[in-house]
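Working notes, structure below.
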Amino acid sequence: MEFTDAYKQTGPCCFSPNARFLAVAVDYRLVVRDTLSFKVVQLFSCLDKISYIEWALDSEYILCGLYKRPMIQAWSLTQPEWTCKIDEGPAGIAYARWSPDSRHILTTSDFQLRLTVWSLVNTACIHVQWPKHASKGVSFTKDGKFAAICTRRDCKDYINLLSCHTWEIMGVFAVDTLDMADIEWSPDDSAIVIWDSPLEYKVLIYSPDGRCLFKYQAYESGLGVKSVSWSPCGQFLAVGSYDQMLRVLNHLTWKTFAEFTHLSTVRGPCCAAVFKEVDEPLPLDMSELCLSDDFMQGNSEDASEGHFGVRYEVMEVPITLPFQKPPADKPNPKQGVGLMSWSNDSRYICTRNDSMPTALWIWDIHHLELSAILVQKDPIRAAAWDPTCTRLVLCTGSSHLYMWTPSGAYCVSIPLPQFTITDLKWNSDGSCLFLKDKESFCCASVPLLPDSSEYSSDD
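Converting from the sequence shown to our numbering requires adding 663 to each position, the first position being numbered 1.
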């Protein structure tokens, strides 16, 4: 792997959809870099500190949310002199997003009073009253023709279907939820999945004309759904719950065909490989090393830390995973499937049970079995699949990057001093991996996997 130098950042960072550019917030400045040379392509100055960044789908425009103002500024990569500023006045702006045509910006006001569609073509604006959420509750079809927006009025949840061409309301229908959490179109645009708040376990599948195709409720009298995700192929719907189980539904009958349990003790028979992160002393040649007295009086802990790397060790079952029981008297317990992500070929799905934050589970959907468990020393911060092949990368807030393929797992040390990875993301073609520290970032180019995927844990 090859790594870039570390660059400064103070907030959100985002790849362009065409994978060519990386936008980075540095206080009130928006820095756009080329992902090949990492030279600065454009530099824009905003009126306040940047809280949010989002590229338009055509990678030509980019918006910056200045939520302290509150205000939105948009910029053009090809026309640097072009500017756009959106200010809702007393209504405020809680969130902003692009429409699929890259020529409209949707903003949600404070207290969810209204959602406004702003046109960059003719400066027209259209309002949708009472959106349910600020950053959630809006989903576009993959072809970009329609938008589904969650609204709430008279203590009832509704779905508004809008045309993304004219922004006229095509239909409105009520949904059978107590407090709708979010909404998402299926990858083939044939159905809409809606799920309720954690207080009520309810997953609803609706057709675009408002017919309820299926209602799924795994259990009652307990905290319900925590995460929902469509597989990229559109054939599977994964539902992660507070009962620490992952359930997968099929798109033909909407029935559950797989239930995966996250147990704190993994026993045999088990065909999954269990990789545990362990310290590994680094070989040092001490024959020509001379230490001064000043150095010997330094921090012995810092010196000893530099003599260790990490590696994965394959463990035998049974194995007991570190488990944290959440307190019963506090809200929002850290339990259940909080992190969930599909591989690009829809064969694997990785999950993290929040009461076992150091373990990442990788499930094989084709064989309906556990494929691997990665047991880390620190809680897992983020995990992301390579968009071009079956390769998973994760980080734990340490100076190491961890990777898994069906052939094994391995650890990579970051060659930058004092750099700890708190977040990561791929660009769309898999050529660049973004690694974020608290106040800096770097990028890595990851070698392509061979066709035979002959990786081993020793690589």
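Using N, Cα and C, we set each Cβ at its ideal position, and we do this for glycine too. In this text the structure is predicted, and so the values were computed from the model without any measurement.
Query                                                                                                                 : Result
As assigned by DSSP and simplified to three states, the class of G834                                                 : strand
Straight-line Cα distance separating A688 from L740                                                                   : 15 Å
With 16 other Cβ atoms within 10 Å as the buried cut-off, status of L984                                              : buried
Cβ contact check for the stretch 833 to 848 and the stretch 807 to 818: 3 or more pairs under 8 Å                     : yes
Every unbroken beta strand (DSSP E) within the stretch 1020 to 1101, with a cutoff of 3 residues, ordered by chain    : 1022 to 1027, 1032 to 1038, 1045 to 1048, 1055 to 1058, 1063 to 1068, 1071 to 1076, 1086 to 1089, 1096 to 1099
Local conformation of G752 per DSSP, three classes                                                                    : helix
Whole-angstrom distance between G752 and S1018, CA atom to CA atom                                                    : 43 Å
Cβ-based neighbour list, S679, same chain, cut-off 6 Å, excluding 5 preceding and 5 following                         : W718, S722
Q736 in three-state terms, based on DSSP                                                                              : strand
Residues of its chain near N962, where Cβ-Cβ distance is below 8 Å and the 5 sequence neighbours each way are ignored : With a pLDDT of 43 at N962, under the threshold of 50, the modelled position of that residue is not reliable, and no figure is offered here.
Reduced DSSP category for F678 - H, G, I as helix; E, B as strand; rest coil                                          : strand
Selection from R974, L1079, C1052 that minimises the alpha carbon distance to I1010                                   : The displayed chain sequence assigns Arg, not Ile, to residue 1010. Of the listed residues, the one whose Cα sits closest to R1010 is C1052.
Three-state class that DSSP yields for F986 in the structure shown                                                    : coil
Cβ contact check for the stretch 1079 to 1098 and the stretch 969 to 979: 3 or more pairs under 8 Å                   : no
Boundaries of the beta strand (DSSP E) in which K865 is found, first to last residue                                  : Where K865 is concerned, there is no enclosing beta strand (DSSP E), given that its DSSP letter is neither H nor E.
Beta-carbon spacing of I855, W917 below 7 Å                                                                           : no
Those residues which DSSP pairs with E979 across a bridge                                                             : DSSP lists no partner for E979.
Bridge partner(s) assigned by DSSP for I713                                                                           : Per DSSP, none; premise fails for I713.
R930 vs V980 beta-carbon contact at 7 Å                                                                               : yes
Integer Cβ distance of W1048 from L1055, believed to fall under 8 Å                                                   : 5 Å
C1029, buried or exposed, once every other Cβ within 10 Å from all chains shown has been counted against 16           : Looking at the sequence provided, one finds His at residue 1029 rather than Cys. Its Cβ having fewer than 16 others within 10 Å, H1029 is exposed.
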